[in-house]
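Just so we're aligned, residue 189 is where the sequence shown starts under my numbering, counting upward by one. Glycine included, each C-beta is placed from N, C-alpha and C at the ideal position. Nothing here was measured: the structure is a model prediction, and the numbers come from that model. Okay, structure first, notes after.
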Amino acid sequence: MWLAPSTLFFSASALAAENSIAIAADHLKNLGVVLGKPEPVTQIPLLTAPAKVVVPPSEDYLVSASQSGLITRLHASIGETVNKGQVLAELNSPDLLTLQREYLKAESALQLGSLVFRRDKKLFEEGVIPERRWQETTSQYRAFASEASEHRQLLEIAGMTDAEIERLKNTHRLSGQLQVRSPIAGTVMERMAVAGSRVDVLAPLYRIADLSELWLEISIPQERAAEVKIGDSVELENAEPQNGAATAKIGLLSQNVNPENQTVLARAVIEGKQPAIRPGQRINIRIIQTAERPAYRVPSTAIAQHEGRAYLFIRSASGFDVAPVDVIGRQGESSIVAGNLAGTEEIAVKGAVALKANWLGLGSGE
Numbered sequence: 189m190w191l192a193p194s195t196l197f198f199s200a201s202a203l204a205a206e207n208s209i210a211i212a213a214d215h216l217k218n219l220g221v222v223l224g225k226p227e228p229v230t231q232i233p234l235l236t237a238p239a240k241v242v243v244p245p246s247e248d249y250l251v252s253a254s255q256s257g258l259i260t261r262l263h264a265s266i267g268e269t270v271n272k273g274q275v276l277a278e279l280n281s282p283d284l285l286t287l288q289r290e291y292l293k294a295e296s297a298l299q300l301g302s303l304v305f306r307r308d309k310k311l312f313e314e315g316v317i318p319e320r321r322w323q324e325t326t327s328q329y330r331a332f333a334s335e336a337s338e339h340r341q342l343l344e345i346a347g348m349t350d351a352e353i354e355r356l357k358n359t360h361r362l363s364g365q366l367q368v369r370s371p372i373a374g375t376v377m378e379r380m381a382v383a384g385s386r387v388d389v390l391a392p393l394y395r396i397a398d399l400s401e402l403w404l405e406i407s408i409p410q411e412r413a414a415e416v417k418i419g420d421s422v423e424l425e426n427a428e429p430q431n432g433a434a435t436a437k438i439g440l441l442s443q444n445v446n447p448e449n450q451t452v453l454a455r456a457v458i459e460g461k462q463p464a465i466r467p468g469q470r471i472n473i474r475i476i477q478t479a480e481r482p483a484y485r486v487p488s489t490a491i492a493q494h495e496g497r498a499y500l501f502i503r504s505a506s507g508f509d510v511a512p513v514d515v516i517g518r519q520g521e522s523s524i525v526a527g528n529l530a531g532t533e534e535i536a537v538k539g540a541v542a543l544k545a546n547w548l549g550l551g552s553g554e
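See the structure below:
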């Protein structure tokens, strides 16, 4: 088919609106044209990016020594699952002895103060002592109670349980053995101490994490960040999930750009428990958006480019109509397009190059 030279100077939109290609059916094979239909889709692959699996900060705990002392035993190893309250380590702490002695001293003062309080209360009610003395007795008793409560809380902060404190109160038997317990049920991520070593107060011993929920920290090129929206779906490409495709949802988009690599941080929450996905793992992800208008998947070979626009060749009674489309996503060897399509059309999925040459009057070349 020969087109007048002036046809080549039409705009792409004019060509698409006013031109079609008349080709006999028996010539399609010679041109290498293969027909197919566009596949309706509701999810659009937006972009791929690298991501790192991390533990939410609220579920990541650093277990420290509440008192200085000598580590006599470590009970948990890396990778082990522990329960809340489970003993992780044991320390021999002289400072704990001091806290216990001060607590017993405060408790003894409180008991004596309680006797005086009850005696003076009875005397005041009988009118034997003046109100001023009763007020002094009450104030002193409250001071004793506050001091005893303070020292009890110091023991709790040191790591002693209520049962251990009550036993100390009843028996007056001091013990420098301090048990460090897990604050949550989780997995041991790190061990930072060795049995037999001396540690100072607040020295880190273990890192415990609850892995029931994991996040993805995604590095998005800053020039593409505006395309990503809160709520977009995320597919994990190389996570090898055990129970179907692993997915996540974008929950946060950072407002600043990393100056080192010019990327924007996006955070996504991984949906469901995925045993094959572990903290620290590097994963390639694909961000997927829900189509806001009808969209279709076609082989990338079906798309012809001309003057910055994309076109499909739709089978007609006399040959092919040229239809402009917008390429809104790519996935492997397929493209996602939107345009004036119903999804029932037959399109040229192969041979678009030859049809484009006929369309533009270029013979058999581009």
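Three CB pairs or more closer than 8 Å across the region 390-408 and the region 294-301: no
Buried or exposed by the 16-neighbour rule on C-beta atoms within 10 Å, applied to Leu462: Numbered from 1 along the sequence shown, position 274 holds the residue referred to as residue 462. Just to set this straight, residue 462 is Gln in the shown sequence, not Leu. Classification for Gln462: buried.
message: For the pair the region 495-504 and the region 249-269, tell me if three or more CB-CB distances fall below 8 Å.
response: no
task: Look at Ile211 and Asn546 and say whether their C-beta atoms are less than 8 Å apart.
output: Position 23 of the sequence shown, counted from the first residue, corresponds to residue 211. Position 358 of the sequence shown, counted from the first residue, corresponds to residue 546. Yes, the pair counts as a contact, with Cβ atoms nearer than the cut-off.
- prompt: beta strand (DSSP E) containing Ile266: first to last residue?
  reply: Against the sequence shown, residue 266 aligns to sequence position 78. Looking at the DSSP string, Ile266 is not in any beta strand (DSSP E), and its letter there is neither H nor E.
- request: Please go through the same chain and pick out, in chain order, the residues whose beta-carbon is closer than 8 Å to the beta-carbon of Gly364, but skip the five residues on each side of it.
  value: The residue labelled residue 364 in the question sits at position 176 within the sequence shown. Counting only Cβ-Cβ distances below 8 Å, and skipping sequence neighbours, we find Gly257, Asn280, Ser281, Pro282, Leu284 and Leu285.
query: Touch check for the region 240-259 and the region 463-477: three-plus C-beta pairs under 8 Å?
result: yes
- prompt: Do Thr236 and Asn446 have their CB atoms nearer than 8 Å?
  reply: For the purposes of this step, residue 236 is taken as residue 48 along the sequence shown, with counting starting at 1. For the purposes of this step, residue 446 is taken as residue 258 along the sequence shown, with counting starting at 1. It is not a contact, given that the beta carbons lie outside the stated cut-off.
- prompt: Roughly how many angstroms lie between the CA atoms of Lys293 and Leu440, to the nearest whole one?
  reply: Numbered from its first residue, the sequence shown carries residue 293 at position 105. Numbered from its first residue, the sequence shown carries residue 440 at position 252. Each residue's alpha carbon lies about 53 Å from the other.
task: Pick out whichever of Ser442, Val270, Ala542 and Glu335 has its Cα sitting closest to the Cα of Asp398.
output: On the sequence shown, residue 398 is found 210 positions in, with the first residue counted as 1. Among Ser442, Val270, Ala542 and Glu335, the Cα nearest to that of Asp398 is on Val270.
task: Would you grab the beta carbon distance between Glu290 and His360 for me? Rounded to a whole angstrom, and I think it's under 8 Å.
output: Taking the sequence shown and counting its residues from 1, one reaches residue 290 at position 102. Taking the sequence shown and counting its residues from 1, one reaches residue 360 at position 172. Wrong, their Cβ atoms sit about 13 Å apart, outside the cutoff.
query: Whose C-alpha, out of Glu227, Gly220, Gly374 and Pro371, is nearest the C-alpha of Pro482?
result: Translated into positions along the sequence shown, residue 482 becomes position 294. Of the listed residues, the one whose Cα sits closest to Pro482 is Glu227.
message: Which of the three DSSP states is assigned to Gln430 in this structure?
response: Taking the sequence shown and counting its residues from 1, one reaches residue 430 at position 242. At Gln430 the pLDDT is 49, less than 50, meaning the model places this residue with poor confidence; the figure from the coordinates comes in the next sentence. Of the three classes helix, strand and coil, the one that applies to Gln430 here is coil, per DSSP.
Which residues DSSP lists as bridging Thr375, in chain order: Within the sequence shown, numbered from 1, the residue matching residue 375 stands at position 187. Thr269 and Ala397, per the DSSP bridge assignment.
task: Could you check which residue in Thr326, Val382, Val316 and Gly273 has the C-alpha nearest to that of Gln367?
output: Walking along the sequence shown from the start, residue 367 turns up at place 179. Of the listed residues, the one whose Cα sits closest to Gln367 is Gly273.
field: Environment of Lys544 [buried if 16+ CB atoms lie within 10 Å]
entry: In the sequence shown, counting from the first residue as 1, residue 544 sits at position 356. Lys544 is buried by the Cβ-count criterion.
query: By a C-beta neighbour count over all protein chains shown, 10 Å radius and 16 as the cutoff for buried, is Arg563 buried or exposed?
result: The question about residue 563 has no answer, for the chain in this structure spans 189 to 554.
Cβ-based burial, Ile535 [other Cβ within 10 Å; buried from 16]: Position 347 of the sequence shown holds residue 535. Buried, by the Cβ-count rule.
query: Can the beta-carbon of Leu219 be found less than 8 Å from the beta-carbon of Ala542?
result: On the sequence shown, position 31 is the one that residue 219 refers to. On the sequence shown, position 354 is the one that residue 542 refers to. Contact: yes.
message: Restricting to runs no shorter than 4 residues, where is the alpha helix (DSSP H) found entirely within the region 226-314?
response: 282-313
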